[in-house]
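Undergrad: Before anything else, here's the structure in question.
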Amino acid sequence: MSVTTNLQVAKEALQKIWGYPDFRPLQAETIETIQKGKDSLTVLPTGGGKSLCYQIPAAIMEGTAIIVSPLISLMEDQVNSLQLLGVPAAYVNSSLSGGEVRQIKAQFFRGNLKMLYVSPERLLLDHFIEELQQVNISFFAIDEAHCISQWGHDFRPEYTKLKQLHQRFPNVGVHAFTATAPPNVQKEISNELNLQEPEVFIGSYHRPNLFYRAIRRNSFKTQLVNVLKQFQKSDMGIVYCLTRKETEEIASHLNGVGYRALPYHAGLSQEVRKRNQDLFSQEQVKVIVATVAFGMGIDQSNVRFVIHNGMPRTLSHYQQEAGRAGRDGLAAHCILVFAPKDIQFWKRMIDNEGVLVEQRSRQLQDMINYATQLKCRHRSLIEYFGQDFERNSCGACDVCLGEVESIKDSRTYSRMILSATLKVKQNFGAGYIAQVLTGSTDQKILRNGHDQLSVHGLLKKHSKTQVHDWINQVESQGYLARHGDPYPVLKVTQAGYWLLVPQKYDKKEDELPVFLVETRRE
Ligand code: ADP
Ligand code: ZN
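Be aware that the sequence shown starts at 1181, since it is given in our numbering, and climbs by one per residue.
Following this line, the structure appears as structure tokens:
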């Protein structure tokens, strides 16, 4: 008599029901843990195959698995494809009528479902929890589990109540899944869900076929068109913008210069959004210009470039959005075009929201560091997710390819900039300070007597545009900060004082990193 292991049964299901020959990395491990009834946390990049990790054990274990998911459209998609495969599954969410819910519940109570998808708010309605007690539950799977973490990039208060699950169902396994969770978020998920000695599986975030670049914005439209020239007209790509208005503007600009591009944002009607997305998936339109709203359920594998006009709000967002490039494993390019204005944009947003300010500011800082530090960008992303990057050079980012070299006078020039900011009494913006440093004798400078300052003309060998950009770079690295709207003035930050007079603060001369790079004219 042959002994069939649980994993063999799972593999058979993979092949017979789904028609795939083999597991992807960590799927087998996660499935085995679920079958054993132990808790788990699985972090796999988008496209890594998280759904199968719970669908397979759900299909073969006794009882019904409860899948908690916040996204109605994703629930519907998954349930539809499960039904096509012959796996009995259903969902309950706010889109269903009372009658439909009753019908599904009837199936559920009869034990006829292998999977029931529910939204977190629905699950935690009191009578629903009571009802679950009457059914044989195989396990709970919590999708998008980072939503439970205040340190995550998409905190949803309704998730915090999922804590109760383990108290109410002490003998049922709870399994968390997410695509993006740096180590502090992983810890919080585990604590908040009360996971009991969970097995933790973290997938690889290394995407060797992606080329990462971060360049400073001077004129996005010009820069974009220059970048696009390096691609074939038939190459598919996504351009992300921070605002709806920008997506419209950039899309129409591209159309004006001979690219077929369409906008995508939450302000467009459902119909237009669907049409634009369809035209893109059918490759009738090669470039989509979108806000973060674009991406859910995009399965386009041959995206050759993802260009960001502006920093996303967190590095998790960046990783997810940029990660839509090159799913087919072929070379693809991720280019972040950023400026200090983006930082200002997010800081204002964080202040206006007024909640989780500390966490959100920290997340923003990780994003700023990624963009402004001269550190291998593959390494930055991998370390952000708590993994080690063993290689010295990735050969696939602007830093490692030697495209961005810090100028050797970075420290000196940065100090001149800080010093000039103080000399004009922290009352002026970057443009004005650049004028002073390049020795302008503009009326305004003369009137203020700033031509008499010791810093006047210190950088006169360089263009005003270049110096202005260096001031922006110093700001991006946190040594200067903008105050006031709509005419912001620059002030020196605490870190800026340290950089300027390290001895006074017990710092070593070169303790703080500062990089200035030449402005590229593309
Ligand atoms: P995630 O939720 O992690 O973003 P999905 O679960 O949506 O990823 O899976 C992405 C795609 O990969 C889906 O089309 C899925 O059917 C496919 N897939 C998952 N596991 C495997 C596998 N072992 N072999 C082949 N394809 C797989
Ligand atoms: Zn690198």
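Backbone N, C-alpha and C fix where the C-beta goes; we use that ideal spot for every residue, glycine too.
(1) Which residue from Trp1331, Thr1618 and Val1248 puts its Cα closest to that of Gly1637?
(2) How about His1558: is its Cβ closer than 6 Å to a heavy atom in the ligand ZN?
(3) Does the distance from the CB of Ser1370 to the CB of Leu1224 come in under 7 Å?
(4) Have a look at Arg1559 and Trp1331 and give me their C-alpha separation to the nearest angstrom.
(5) Under 6 Å from any heavy atom of the ligand ADP, does the C-beta of Phe1474 make it?
(6) Between the Cα of Ala1610 and those of Lys1466, Lys1230, Asn1406 and Ile1597, spot the shortest distance and give me the residue it belongs to.
(7) Should His1663 go down as buried or exposed, given a rule of 16 or more other Cβ atoms within 10 Å for buried?
(8) Mapping the DSSP letters down to three states, classify Glu1691 as helix, strand or coil.
(9) For Met1181, count neighbouring Cβ atoms within 10 angstroms of its own Cβ and tell me buried if that reaches 16, exposed if not.
(10) For Ala1473, I'd like the list of residues in its chain whose CB is within less than 6 Å of its CB, leaving aside the five on either flank, ordered along the chain.
(11) When every heavy atom of the ligand ADP is checked, does at least one fall within less than 6 Å of the C-beta of Lys1191?
(12) Who pairs with Gly1417 in a beta bridge, going by DSSP?
(13) Spell out a yes or no on whether the segment 1513-1520 and the segment 1346-1354 are touching, meaning 3 or more CB-CB pairs, one atom from each, closer than 8 Å.
(14) Would you check if the distance between the CB atom of Val1604 and the CB atom of Gln1657 is smaller than 7 Å?
(15) Who are the near neighbours of Lys1341 in its chain, counting only those whose CB is closer than 8 Å to its CB and skipping five residues on each side?
(16) Take the Cβ of Phe1288 as the centre, count every other Cβ of all protein chains shown within 10 Å, and call the residue buried at 16 or more, exposed below.
(17) Look at the Cβ atom of Gly1243, then the Cβ atom of Ile1317, and state whether they are nearer than 7 Å.
(18) The ligand ADP and Lys1644: does any heavy atom of the ligand fall closer than 6 Å to the residue's C-beta?
(19) Take Leu1680 and list the residues in its own chain whose beta-carbon comes closer than 6 Å to its own, dropping the five residues that flank it on each side.
(20) Just to confirm, does Gly1228 get its C-beta within under 6 Å of one of the non-hydrogen atoms of the ligand ADP?
(21) Using a Cβ-Cβ cutoff of less than 6 Å, which residues in the same chain neighbour Phe1460 once the five nearest sequence positions on both sides are dropped?
(22) For His1513, which beta-bridge partners are listed by DSSP?
(23) Can you list, in chain order, the residues of its chain whose CB lies under 7 Å from that of Pro1682, leaving out five sequence neighbours each side?
(24) Specify the secondary structure class of Arg1662 as computed by DSSP and reduced to three states.
(25) Quick one: does the C-beta of Asn1232 sit closer than 6 Å to a heavy atom of the ligand ADP?
(26) So what's Val1537 in DSSP terms, helix, strand or just coil?
(27) Would you list the residues sitting across from Ile1322 in a DSSP beta bridge?
(28) Let me make sure I understand the geometry here. Which of Gly1509, Ala1470 and Gly1227 has the alpha-carbon closest to that of Ile1487?
(29) Contact defined as beta carbons within less than 8 Å: I believe Glu1463 pairs with Pro1443. What is the distance between those atoms, to the nearest angstrom?
(30) How long is the line joining the alpha carbons of Ala1675 and Tyr1659, rounded to whole angstroms?
(31) Below 8 Å on the Cβ atoms is my contact criterion, and I expect Gln1258 with Ser1231 to pass it. Report the Cβ-Cβ distance as a whole number of Å.
(32) What's the C-alpha gap between Gln1500 and Thr1360?
(33) Based on Cα-Cα distance, which residue from Asn1186, Glu1311, Leu1495 and Gly1227 lies nearest to Asp1479?
(34) Restricting to Cα atoms, I'd like to know which of Asp1649, Gln1623 and Ala1600 is closest to Leu1633.
(35) Taking the beta strand (DSSP E) that Pro1362 falls in, what are its first and last residues?
(36) Can you give me the start and stop residues for the beta strand (DSSP E) that Pro1300 sits inside?
TA: This is what the structure holds:
(1) Thr1618
(2) yes
(3) no
(4) 21 Å
(5) no
(6) Ile1597
(7) exposed
(8) coil
(9) Caution applies to Met1181, whose pLDDT of 46 falls short of 50 and renders its modelled position unreliable; the value that the coordinates give is listed next. Its Cβ having fewer than 16 others within 10 Å, Met1181 is exposed.
(10) His1445 and Ala1446
(11) no
(12) Val1467 and Phe1485
(13) no
(14) no
(15) Pro1300 and Leu1304
(16) buried
(17) yes
(18) no
(19) Arg1595 and Leu1598
(20) yes
(21) Ile1468
(22) Phe1391 and Phe1485
(23) Lys1688, Glu1689 and Glu1691
(24) strand
(25) A small fix is needed here, since residue 1232 is Leu in this sequence, not Asn. At least one heavy atom of the ligand ADP is nearer than 6 Å to the Cβ of Leu1232, so yes.
(26) helix
(27) Val1248 and Ala1356
(28) Ala1470
(29) Their Cβ separation, rounded to whole angstroms, is 17 Å, which puts Glu1463 and Pro1443 out of contact at 8 Å.
(30) 5 Å
(31) 6 Å
(32) 8 Å
(33) Gly1227
(34) Ala1600
(35) Unbroken run through Pro1362: none, as it is neither H nor E.
(36) That residue, Pro1300, is in no beta strand (DSSP E); its alpha helix (DSSP H) goes Pro1300 to Leu1303.
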